[in-house]
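Peer 1: Using full-length UniProt numbering, the first residue of the sequence shown is number 1, and each one after it goes up by one. Quick reminder that beta carbons are idealized off the backbone N, C-alpha and C, glycines included. All of these numbers come straight from a predicted model, not from anything done at the bench.
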Amino acid sequence: IFQDQTHSHNPHTEQDGSDFDIVKATQYGLLERCKELIEAGFDVNQPDQETVSLLHWAAINNRQDIIRYYVSKGAVVDAVGGELSATPLHWATRQGHLGSVTLLMQYGADPSHWDAEGCACIHVAAQLGHTSIVAYLIAKGTSPNVADKAGMTPLMWSCHKVTSLDPTRLLLTFGASTTMQDHTYGNTALHWAIEARNQLAVSTLIMHGASLDIANAQGITAYSLLSSPKASSWLSKKVLEKVAEHSIVSQKNTICNKIKGDKRLRYYSMVSTPFLMFYIIGMTLETGAPYTVKAAVLGGAGVALHLVTRYVFDERLVNVLPMSVYLATKFWFYLTWLVWLSPAMPLITSLIFLTTSLLLWHFFLKSWRGDPGVVKTTQDQKFRTIIELAERGGFDTQYFCSSCLVRKPVRSKHCSVCNVCVAKFDHHCPWVNNCIGTRNHRYFIGYLVMLVVMCLYMLYGCSRFWTVMCPKVNTSQHDFWQEMWMTAQCNGWVFFVAINATLHSVWVAMLLACQTYQISLLGMTTNERMNAGRYGHFISAGRSPFDRGRCQNIVDFFQLSCLGICRPDKTDWLTTYHIPTTVPGLVVNNASVGSNGGLIVGNGGSSSDGGATDEHRPLVGTANMAKLNDYPFV
Numbered sequence: 001i002f003q004d005q006t007h008s009h010n011p012h013t014e015q016d017g018s019d020f021d022i023v024k025a026t027q028y029g030l031l032e033r034c035k036e037l038i039e040a041g042f043d044v045n046q047p048d049q050e051t052v053s054l055l056h057w058a059a060i061n062n063r064q065d066i067i068r069y070y071v072s073k074g075a076v077v078d079a080v081g082g083e084l085s086a087t088p089l090h091w092a093t094r095q096g097h098l099g100s101v102t103l104l105m106q107y108g109a110d111p112s113h114w115d116a117e118g119c120a121c122i123h124v125a126a127q128l129g130h131t132s133i134v135a136y137l138i139a140k141g142t143s144p145n146v147a148d149k150a151g152m153t154p155l156m157w158s159c160h161k162v163t164s165l166d167p168t169r170l171l172l173t174f175g176a177s178t179t180m181q182d183h184t185y186g187n188t189a190l191h192w193a194i195e196a197r198n199q200l201a202v203s204t205l206i207m208h209g210a211s212l213d214i215a216n217a218q219g220i221t222a223y224s225l226l227s228s229p230k231a232s233s234w235l236s237k238k239v240l241e242k243v244a245e246h247s248i249v250s251q252k253n254t255i256c257n258k259i260k261g262d263k264r265l266r267y268y269s270m271v272s273t274p275f276l277m278f279y280i281i282g283m284t285l286e287t288g289a290p291y292t293v294k295a296a297v298l299g300g301a302g303v304a305l306h307l308v309t310r311y312v313f314d315e316r317l318v319n320v321l322p323m324s325v326y327l328a329t330k331f332w333f334y335l336t337w338l339v340w341l342s343p344a345m346p347l348i349t350s351l352i353f354l355t356t357s358l359l360l361w362h363f364f365l366k367s368w369r370g371d372p373g374v375v376k377t378t379q380d381q382k383f384r385t386i387i388e389l390a391e392r393g394g395f396d397t398q399y400f401c402s403s404c405l406v407r408k409p410v411r412s413k414h415c416s417v418c419n420v421c422v423a424k425f426d427h428h429c430p431w432v433n434n435c436i437g438t439r440n441h442r443y444f445i446g447y448l449v450m451l452v453v454m455c456l457y458m459l460y461g462c463s464r465f466w467t468v469m470c471p472k473v474n475t476s477q478h479d480f481w482q483e484m485w486m487t488a489q490c491n492g493w494v495f496f497v498a499i500n501a502t503l504h505s506v507w508v509a510m511l512l513a514c515q516t517y518q519i520s521l522l523g524m525t526t527n528e529r530m531n532a533g534r535y536g537h538f539i540s541a542g543r544s545p546f547d548r549g550r551c552q553n554i555v556d557f558f559q560l561s562c563l564g565i566c567r568p569d570k571t572d573w574l575t576t577y578h579i580p581t582t583v584p585g586l587v588v589n590n591a592s593v594g595s596n597g598g599l600i601v602g603n604g605g606s607s608s609d610g611g612a613t614d615e616h617r618p619l620v621g622t623a624n625m626a627k628l629n630d631y632p633f634v
């Protein structure tokens, strides 16, 4: 979506063109023939029988060399022609030719000029989903809220005409208004998205906070349209949940509705539930009640949890629950050590456990609250990046993030949960509710190590407790399962804590082993290992260009200098956009690293002149372009 619609030049299909008139020569991109005719006296501003200028034909066919030549010969950049009274910039925009758009604007073309239907270039680009051109026009100063003759904004057109995520998301990122209404029908962008049954646009608008209560000229709100029975057949689950939530909030007349409509109360309910469930399960196992009573209590707790999950929790559960489970587990671990285990321990053991816990909390807080390496930029920097990339040949989604509107450093990735780009992105960890990247990855490894140590200490403490408090368990007369049963009977709470410590230590140790393998042996992040085939700088066998050998990989990761003995790589991954010179001459899929460390990518034979091919013939009869401005009623 951010690629310029430029087509490769194929010399085998190039025609001689010696007998072409100037219009046809322009359409086919025959620069020498055009020069010949202009030098022979043809007026560069002479329109054809459809009032279309030569610059129009050069623009619509992306003949950039011819555009330069015609402008140098005095061609009027904003000449109006065709049935729609459009400029060459309109024509280039309509076809998605970013190269011609940037070139014409460098020569002074005015993007705010209206065609016969009252549309500026940004409206045409939004109608046809040319996201790169929308971004470029906004970066050059066009307002994302500029209205056409009928009051339609680019966001309205995008929501009504384009079923992909962009340019709707891009316009919202640039601050496009979701409350503006067109002059004819009083519709907002959300009204237009609903009218078009554009599920992705509806979802995107609602997630960005678009109002459901604005009425159009007929008095119809977006909420009334979305809550109709017909709408449920094509709306996504998230949108339906938002609509239901809106209904509850607007009808807070019962206790249940007040609870369900209070987002803060629901959040604290999700946070506290793991604490409560851990206590209920552990205390139920600890009591001396009959097994039938215990089973009934646990079954009732399960039913209650199901009901609370269904009627109280919301879509934030997937992000809130993992970290809440972690905090609840650690809270009850500490309380268990204090109340049950410490009396059976030497003081030094408890002090070591406390020290371990302090280190664990240090690494946890750094992983949770620390900056993972978010790629930050100002609005002006975003504009400069867009203009620079557009005028240098177009956007590549591998190196430009259409969500954050930033140039992506190598090894970075956009996190859909945090909605930010993170340098040297490893993964998003729900257990710390944060991304793991270049600035907190080392702390995350420390967190995993200390978490395993703490769980092992808990198991050691439970073992000591059973030795002191349950002497009948430690005899050679019982097999393993009998000992487990007697241990559970001795103290159900401690047994439940030990089970949790065992499970946590196993899966955390497995995660730590996986991380260690990737860091030391592969020189990869988790994201790179999972998506190596999508990155051009990885060789076909999947080997990382950042792998410098297992020992050096560890030195680089932990930044170990060892009093000057080791030399760790000091690359700042927040500002590195090419593969560093640590691997000079490496040849990768469609790119190589030069001796200066720059990434050299093949252009696939593209030509700035956009030569014609068999698959894409020149546009030769598009003066009377199809009208796009139909205004269906909502």
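Which residues bound the beta strand (DSSP E) around residue 422?
Peer 2: Stepping through the sequence shown from its first residue, residue 422 is reached at position 422. Taken as a continuous stretch (DSSP letters only), the beta strand (DSSP E) holding residue 422 covers 420–422.
Peer 1: If you measure between the beta carbons of residue 162 and residue 133, is that distance less than 9 Å?
Peer 2: Within the sequence shown, numbered from 1, the residue matching residue 162 stands at position 162. Within the sequence shown, numbered from 1, the residue matching residue 133 stands at position 133. In this structure, residue 133 does not lie closer than 9 Å to residue 162 by Cβ.
Peer 1: To the nearest whole angstrom, what separates the beta carbons of residue 128 and residue 94, a pair I think is in contact under 8 Å?
Peer 2: Locating residue 128 in the sequence shown gives position 128, counting from the first residue. Locating residue 94 in the sequence shown gives position 94, counting from the first residue. Sure, about 7 Å apart at Cβ, within 8 Å.
Peer 1: Among 434, 398 and 303, which has the Cα closest to the Cα of residue 415?
Peer 2: By 1-based counting over the sequence shown, the position of residue 415 is 415. Among 434, 398 and 303, the Cα nearest to that of residue 415 is on 434.
Peer 1: Okay, do the region 27–41 and the region 79–89 touch, 3+ Cβ pairs below 8 Å being the bar?
Peer 2: Touching, no, given that fewer than three Cβ pairs across the two stretches are closer than 8 Å.
Peer 1: For residue 405 and residue 388, I'd like the C-alpha separation in whole angstroms.
Peer 2: Sequence index remark: in the sequence shown, residue 405 carries index 405 (1-based). Sequence index remark: in the sequence shown, residue 388 carries index 388 (1-based). Cα to Cα, the separation comes out at about 13 Å.
Peer 1: Quick check on this structure: which residue in 78, 295, 266 and 408 has the alpha carbon closest to the alpha carbon of residue 321?
Peer 2: For the purposes of this step, residue 321 is taken as residue 321 along the sequence shown, with counting starting at 1. The candidate whose alpha carbon is nearest that of residue 321 is 266.
Peer 1: Report yes if the CB atom of residue 351 is closer than 9 Å to the CB atom of residue 461, and no otherwise.
Peer 2: Sequence index remark: in the sequence shown, residue 351 carries index 351 (1-based). Sequence index remark: in the sequence shown, residue 461 carries index 461 (1-based). Contact: no.
Peer 1: How would you label residue 579, buried or exposed, when you count the other beta carbons within 10 angstroms and need 16 or more for buried?
Peer 2: Counting from 1 along the sequence shown, the entry for residue 579 is found at position 579. Result: buried.
Peer 1: Taking three-plus beta-carbon pairs below 8 Å as touching, is the region 24–40 in contact with the region 61–81?
Peer 2: Yes: the two stretches touch, three or more of their Cβ pairs being nearer than 8 Å.
Peer 1: By the three-class DSSP mapping on this structure, what secondary structure does residue 413 have?
Peer 2: For the purposes of this step, residue 413 is taken as the residue at position 413 of the sequence shown. The answer is strand: DSSP assigns residue 413 an E or B state.
Peer 1: From this set, 227, 240, 188 and 230, which residue's C-alpha is nearest residue 215's C-alpha?
Peer 2: For the purposes of this step, residue 215 is taken as the residue at position 215 of the sequence shown. Comparing Cα positions, the closest option is 188.
Peer 1: DSSP puts residue 407 in a beta bridge; with which residues?
Peer 2: Here residue 407 refers to the residue found at position 407 when the sequence shown is read from its first residue. Per DSSP, 400.
Peer 1: Considering only their Cβ atoms, is the gap separating residue 108 from residue 639 smaller than 9 Å?
Peer 2: As shown, the chain starts at 1 and ends at 634. That puts residue 639 outside it, with no answer to give.
Peer 1: Please name the residue, chosen from 458, 559, 96 and 413, that lies closest to residue 534 on a Cα-to-Cα basis.
Peer 2: As a first step, residue 534 must be located in the sequence shown, where it is residue number 534. Answer by Cα proximity: 413.
Peer 1: Per DSSP, residue 635 is paired with what?
Peer 2: Residue 635 lies beyond the residue range present for the chain, which begins at 1 and ends at 634; the question has no answer from this structure.
Peer 1: Count the C-beta pairs between the region 363–380 and the region 431–450 that are closer than 8 Å, then say yes if the count reaches three, no if not.
Peer 2: Yes: at least three Cβ pairs fall under 8 Å.
Peer 1: Since I believe residue 556 is in contact with residue 545 (beta carbons under 8 Å), could you give me their beta-carbon distance rounded to a whole number of angstroms?
Peer 2: Taking the first residue of the sequence shown as 1, we reach residue 545 at position 545. Taking the first residue of the sequence shown as 1, we reach residue 556 at position 556. Not confirmed; about 13 Å, so no contact.
Peer 1: Identify the residues that DSSP records as bridge partners of residue 221: which are they?
Peer 2: As a first step, residue 221 is located in the sequence shown; it is residue number 221 there, counting from the start. For residue 221, which the question treats as bridged, DSSP gives the partners 215.
Peer 1: State whether the region 299–312 contacts the region 482–493, with contact taken as three or more CB pairs (one from each stretch) at a distance under 8 Å.
Peer 2: No contact exists between the region 299–312 and the region 482–493.
Peer 1: Could you tell me if residue 292 is buried or exposed, where buried requires 16 or more neighbouring beta carbons within 10 angstroms of its beta carbon?
Peer 2: Numbered from its first residue, the sequence shown carries residue 292 at position 292. Exposed is the call here.
Peer 1: Can you list, in chain order, the residues of its chain whose CB lies under 7 Å from that of residue 179, leaving out five sequence neighbours each side?
Peer 2: Taking the sequence shown and counting its residues from 1, one reaches residue 179 at position 179. Cβ neighbours of residue 179 beyond the five flanking positions: 188, 211 and 214.
Peer 1: Is it the case that the Cβ atoms of residue 336 and residue 458 are separated by a distance below 9 Å?
Peer 2: Taking the first residue of the sequence shown as position 1, residue 336 is located at position 336. Taking the first residue of the sequence shown as position 1, residue 458 is located at position 458. Their beta carbons are under 9 Å apart, which means residue 336 touches residue 458 by this criterion.
Peer 1: Starting from the Cα of residue 566, find the closest Cα among 379, 382, 296 and 553 and give me that residue.
Peer 2: On the sequence shown, residue 566 is found 566 positions in, with the first residue counted as 1. The shortest C-alpha separation from residue 566 is found at 553.
Peer 1: What are the boundary residues of the beta strand (DSSP E) that includes residue 436?
Peer 2: Taking the first residue of the sequence shown as 1, we reach residue 436 at position 436. It spans 434–436 - the beta strand (DSSP E) in which residue 436 sits, taken as one unbroken run.
Peer 1: List the DSSP bridge partners of residue 428.
Peer 2: As a position in the sequence shown, residue 428 is number 428, starting the count at 1. Paired residue(s): 435.
Peer 1: Whose C-alpha, out of 192, 281 and 153, is nearest the C-alpha of residue 298?
Peer 2: One-based indexing of the sequence shown puts residue 298 at position 298. Checked all of 192, 281 and 153; the closest Cα to residue 298 is 281.
Peer 1: How many Å lie between residue 345 and residue 471 at the Cα?
Peer 2: Within the sequence shown, residue 345 is the residue found at index 345, counting from 1. Within the sequence shown, residue 471 is the residue found at index 471, counting from 1. Whole-angstrom Cα-Cα distance: 16 Å.
Peer 1: Among 36, 400, 548 and 502, which has the Cα closest to the Cα of residue 521?
Peer 2: What you label residue 521 is simply residue 521 of the sequence shown in a count that begins at 1. Of the candidates 36, 400, 548 and 502, the one whose C-alpha sits nearest the C-alpha of residue 521 is 548.
Peer 1: Alpha carbon to alpha carbon, what distance is there between residue 194 and residue 49?
Peer 2: For the purposes of this step, residue 49 is taken as residue 49 along the sequence shown, with counting starting at 1. For the purposes of this step, residue 194 is taken as residue 194 along the sequence shown, with counting starting at 1. The alpha-carbon atoms of residue 49 and residue 194 are separated by roughly 42 Å.
Peer 1: Using only the alpha-carbon positions, how far apart do residue 635 and residue 348 sit?
Peer 2: Because the chain in this structure spans residues 1 to 634, residue 635 falls outside the shown range and cannot be described.
Peer 1: Return the CA-CA distance between residue 18 and residue 529, expressed in angstroms with no decimal places.
Peer 2: Taking the first residue of the sequence shown as 1, we reach residue 18 at position 18. Taking the first residue of the sequence shown as 1, we reach residue 529 at position 529. Their Cα atoms are separated by approximately 55 Å.
Peer 1: Could you tell me the alpha carbon to alpha carbon distance between residue 176 and residue 516, rounded to whole angstroms?
Peer 2: Counted from its first residue, the sequence shown places residue 176 at position 176. Counted from its first residue, the sequence shown places residue 516 at position 516. The alpha-carbon atoms of residue 176 and residue 516 are separated by roughly 45 Å.
Peer 1: Roughly how many angstroms lie between the CA atoms of residue 358 and residue 450, to the nearest whole one?
Peer 2: Start at 1 with the first residue of the sequence shown, and residue 358 comes out as number 358. Start at 1 with the first residue of the sequence shown, and residue 450 comes out as number 450. Cα to Cα, the separation comes out at about 9 Å.
Peer 1: Helix, strand or coil for residue 302? Go by DSSP, reduced to three states.
Peer 2: To locate residue 302, count along the sequence shown from 1; it is residue 302. Looking at residue 302 - three-state DSSP - the assignment turns out to be helix.
Peer 1: Would you mind giving the Cβ-Cβ distance between residue 75 and residue 54, rounded to the nearest angstrom? I have them listed as a contact below 8 Å.
Peer 2: To locate residue 75, count along the sequence shown from 1; it is residue 75. To locate residue 54, count along the sequence shown from 1; it is residue 54. Their Cβ separation, rounded to whole angstroms, is 7 Å, which keeps residue 75 and residue 54 in contact under 8 Å.
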